[in-house]
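Residue numbers (the numbering used here), protein chains in the order written: chain A, 1 to 274; chain B, 1 to 274; chain C, 1 to 274; chain D, 1 to 274. Notes for the one structure printed next.
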């Protein structure tokens, strides 16, 4: 039903959470999306007991297995990419990041990228705020990680909500990422309706156009009214800025189209010598 | 030494963490500040095992005792107010807030306010982002809490860093708080140097002038280079945007003076009929 | 045809230029608008040879006669208000404003307001940038003028394009105007498509909601492709940021609805205590 | 005296108006500036009777002679560049720009550039708002003009006050100009104190750093209290946002240093991988 409604609202793509083959008929979902003309992507955040960056090898091994399972589920559902916090747990850490943690994460992502390559699923690493990982909080950290990884197929996944907390210059971060940006989340500062809050989406779209970004742009919003309780708690969704998803989806579609058009016109205006 | 340097940089006030009488000679500190012409305030965040909003009465009682100790330490060091997260623990919660939790918090704050009244220490409740409490994340929630409390001496403590995550309209929040704003933190979105990031301090100062705010304005920044490790971890300070505190302090003093002057001139310009 | 298209695009109101009874069948236009459910307003800028603030009594008398004619045309076409630069000429002045000029303007506007009162047409005074009048460039100047006038029926006509040049705090200007704001123009900084440029319409709509403004909000844009040549030259329209008016009108309608919705939701978010 | 005070305030450069050899001892001024360690530049706006773009050859010839005189005065006073509106008159035009006007301007600027080359004075063309010329209102128009000119020594002179009226994307304009930006004016939207108004100087400095601009950055403000009456009227300075130049100069120096430092730190923050 969510797929049908997304298509009705004019979306070209749905982003799925990491679905378990035991709980969902992935083939059927993938075919349904395909029939509706919808692209599919997948994102996830590793659980604390599946932290690939952990010094506890049992935990880390569990994490690597989870990544493999997720990549295969992504393949089975027809997703072209797997993003999110796939290089550490999705949690508020209570210890400082360490070089060893970084190395373990790097190794696990490298191994997962190879599996992704076989499965036709590209990995994108989500840069998130300090309260949701201790490892990759800024674009610069993400690029350093990619440099160490040395696999051009792995790219960054940036998100305006997180950049609003961590980056001094979100549009500069997008420009710096350039062609290593592989996936993009738009979200408002309070994770509610786009445009209601403090994020300057004009500058975000200007930067995306400046780097010639032609990847996916996905809107993310949270409300305990519709979002899985576990994810709501991990993301600290204690109050609902909305309860009805249909008007939210309609608004976001219109907002994004308008901002994109404005940014394109702004570029044309800028260059028009009259 | 920190008191002396603060005075040298031209600050009129220092905010102290919740100091233990066992570890610090509070009288001596208070006298030192007084000799230097420095006002003193205190802030704290209750530890998870001292959560006054907890349903575990042992934990909650511990929290109430901690509050009483802190208020008396504030009195002893000559602080005029005690702020921060004094209505719940300072932590990433993993459960939704509940009406019971809110009531327990209310009762504990009410009791603490009475003690504060006897000690000449006013309480201010810091509205913080979702990752640092689950109870009071927005100004509207804080005002509702104050309404239920019914003690005019207790006021809100707002902070630009937190508002940047939670409020859709930070300057509107300040205007809405009006004379119930009792304490104010300025901090950049990445908790580093003021002015480097995305927060629009012009609008913040406009709003403070509009409501005739004449309380304290305190700059808060974090770096593991100088901040207590426990607090750094609670606040998720995984990277240092600065290491030297002297230039940081000098810059913040100059920045705040400039922004305040600009806002005052902006008001005069606005009203000047020429 | 313009009336029909405005109605088709969902506009509730059309603003007409100062139409001459000799050139237009005002009754027919008014009836047409009425049939389409469109409200009507009128704006104008006095020509240099009809400057009511002029020290040359021939010119000033011509100006007063022009105002009277315009008010009657407004009445005949069913317009509820007459706005624009009706207190001086619409021109780049080459001399400093003087107290005498101000007094002459005041007297002429007072006299016109009386005629307007008889005709059921309220006057609104447009505050415009320094290059288009030398008399009322800021809201503060406008309010001082209204104070001296002492006629509550006359109100201010503010415009975002002009405020962007003259006001240090456009939203503060709207708040200061309060219930003396009678008419409102939205226009982008380059007089083209809304949202393409530097004006922060979020703050503008916040301020309009804060003062409970329930008057007209009219979009104004210029292109020599469709605008009268005389007016284009007076407004210095040397290059066209657009040539097709239909997509412009459709976009503005959508943009304004979206911004208004966002501002309303922002207000609700601000006040929602969860 | 103005030179001495500029040096005292810590400025590295003074911009002089087009001084007449008949009225000023240019050698003495130049030596004085040199003794004080001050660089010198010159700007001007051609008068309507000296419009090099005019179709009236008498007027145009007068303009070309004025340019030559100004270049030689610039040389004599030790100025390194001549900027401002040197390609048309500084006036509110009342006719549309024409291809012929553009060609006449181009020829005159080309001829002046040759004289400038001999005199060691580089020409920079100021892009100004629609009310002050009809020919070069945007950076794109300026770059097209430079392309047609084909003289790499002639560059653009951009100004934040003018860009705030004409550019949909001021920082994009700076990036587009790149190494063809030769001179830069900072001015607030109301031509008063920097930082009081609506211009986003953070983005301006980010863009200047991004293009590696190492030319002059000159603050321009107007008040009839100190500015020549003729220029005040040409620039439509009808009200004074300040009357004392010393605090204005001190503030601007501090503001610019702060913004420059912030932008540099923002760049470092952006790139620091921690």
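From the three backbone atoms N, C-alpha and C, an ideal C-beta is built for every residue, glycine too. As the structure is a computational prediction, the values presented were derived from the model and not from experiment.
{"Item": "Tell me whether residue 23 of chain A is buried or exposed, calling it buried when 16 or more other Cβ atoms sit within 10 Å of its Cβ.", "Value": "exposed"}
{"Item": "Would residue 141 of chain B pass as an interface residue toward chain C - the criterion being a Cβ-Cβ separation below 8 angstroms?", "Value": "yes"}
{"Item": "Could you please tell me which residues of the segment 90-103 of chain A, in chain order, have their CB closer than 9 angstroms to any CB of chain B?", "Value": "91, 92, 93, 94, 95, 96 and 97"}
{"Item": "What does DSSP give as the partner residues of residue 159 of chain A in its beta bridges?", "Value": "A:185"}
{"Item": "The beta strand (DSSP E) that contains residue 260 of chain D, what's its start and end?", "Value": "Here residue 260 of chain D belongs to no beta strand (DSSP E); instead the alpha helix (DSSP H) covers 245-271."}
{"Item": "Tell whether a beta-carbon distance below 8 angstroms holds between residue 236 of chain A and residue 131 of chain B.", "Value": "yes"}
{"Item": "Under 8 angstroms, do residue 184 of chain A and residue 218 of chain A count as touching if we go by C-beta distance?", "Value": "yes"}
{"Item": "Let me check understanding here. Comparing Cα to Cα, which of B:204, B:193, B:212 and B:201 lies closest to residue 222 of chain B?", "Value": "B:193"}
{"Item": "Out of B:97, B:12, B:203 and B:141, which has the shortest C-alpha to C-alpha gap to residue 271 of chain C?", "Value": "B:141"}
{"Item": "Using DSSP with H/G/I as helix, E/B as strand and the rest coil, what is residue 105 of chain D?", "Value": "helix"}
{"Item": "Thinking residue 10 of chain C and residue 253 of chain C are a contact (beta carbons under 8 angstroms), I'd like their distance in whole angstroms, please.", "Value": "5 angstroms"}
{"Item": "Can you tell me the Cα-Cα spacing of residue 122 of chain B and residue 42 of chain D, whole angstroms?", "Value": "59 angstroms"}
{"Item": "Using a 10 Å radius around the Cβ and a threshold of 16 neighbouring Cβ atoms, would you call residue 103 of chain C buried or exposed?", "Value": "exposed"}
{"Item": "Of the residues D:260, D:263 and D:230, which one's Cα is nearest the Cα of residue 91 of chain D?", "Value": "D:230"}
{"Item": "Helix or strand or just coil, what does DSSP make of residue 69 of chain B?", "Value": "helix"}
{"Item": "Residue 67 of chain D: which of D:52, D:78 and D:80 sits nearest, CA to CA?", "Value": "D:52"}
{"Item": "What are the residues in the segment 169-191 of chain D lying within 7 angstroms of chain A by C-beta distance?", "Value": "169, 172, 173 and 176"}
{"Item": "If you drop the 5 nearest sequence neighbours on each side, which residues of the same chain put their C-beta closer than 7 angstroms to that of residue 210 of chain D?", "Value": "175"}
{"Item": "Could you name the residues of the same chain whose beta carbon sits closer than 7 angstroms to that of residue 227 of chain A, not counting the 5 residues immediately before and after it, in chain order?", "Value": "237"}
{"Item": "How about residue 30 of chain D and residue 100 of chain D: are their beta carbons less than 8 angstroms apart?", "Value": "no"}
{"Item": "Would you please verify whether the beta carbon of residue 196 of chain D is less than 8 angstroms from any beta carbon of chain C?", "Value": "yes"}
{"Item": "DSSP state of residue 232 of chain A, grouped into three classes?", "Value": "helix"}
{"Item": "Below 7 angstroms on C-beta distance, what does residue 206 of chain D contact in chain A?", "Value": "169 and 172"}
{"Item": "Just to make sure I have the definition right: I need the residues of chain B whose C-beta is within less than 9 angstroms of the C-beta of residue 160 of chain D. Which are they?", "Value": "Chain B residues near residue 160 of chain D: none, gap ~16 angstroms exceeds 9 angstroms."}
{"Item": "In terms of residue numbering, what span does the alpha helix (DSSP H) encompassing residue 207 of chain D cover?", "Value": "201-210"}
{"Item": "Evaluate the contact criterion for the segment 32-51 of chain C versus the segment 2-18 of chain C: three or more CB pairs, one atom per stretch, below 8 angstroms.", "Value": "yes"}
{"Item": "If you draw a straight line from the alpha carbon of residue 27 of chain C to that of residue 200 of chain C, how long is it in whole angstroms?", "Value": "39 angstroms"}
{"Item": "Provide the residue span of the beta strand (DSSP E) that contains residue 195 of chain D, from first to last.", "Value": "That residue, residue 195 of chain D, is in no beta strand (DSSP E); it is neither H nor E in DSSP."}
{"Item": "Among B:88, B:78, B:138 and B:251, which residue has its Cα nearest to the Cα of residue 62 of chain B?", "Value": "B:88"}
{"Item": "Please classify residue 163 of chain C as buried or exposed, where buried requires at least 16 neighbouring CB atoms within 10 angstroms.", "Value": "buried"}
{"Item": "Distance check for residue 215 of chain A and residue 128 of chain A, CA to CA, integer angstroms please.", "Value": "19 angstroms"}
{"Item": "Could you check whether the Cβ of residue 85 of chain D sits closer than 8 angstroms to any Cβ belonging to chain C?", "Value": "no"}
{"Item": "Which residues does DSSP pair with residue 42 of chain A in a beta bridge?", "Value": "A:16 and A:82"}
{"Item": "Do you know offhand how far residue 269 of chain D's Cα is from residue 212 of chain B's?", "Value": "35 angstroms"}
{"Item": "Please name the residue, chosen from A:167, A:112 and A:96, that lies closest to residue 135 of chain A on a Cα-to-Cα basis.", "Value": "A:96"}
{"Item": "Residue 225 of chain C by DSSP, collapsed to three states: which one?", "Value": "coil"}
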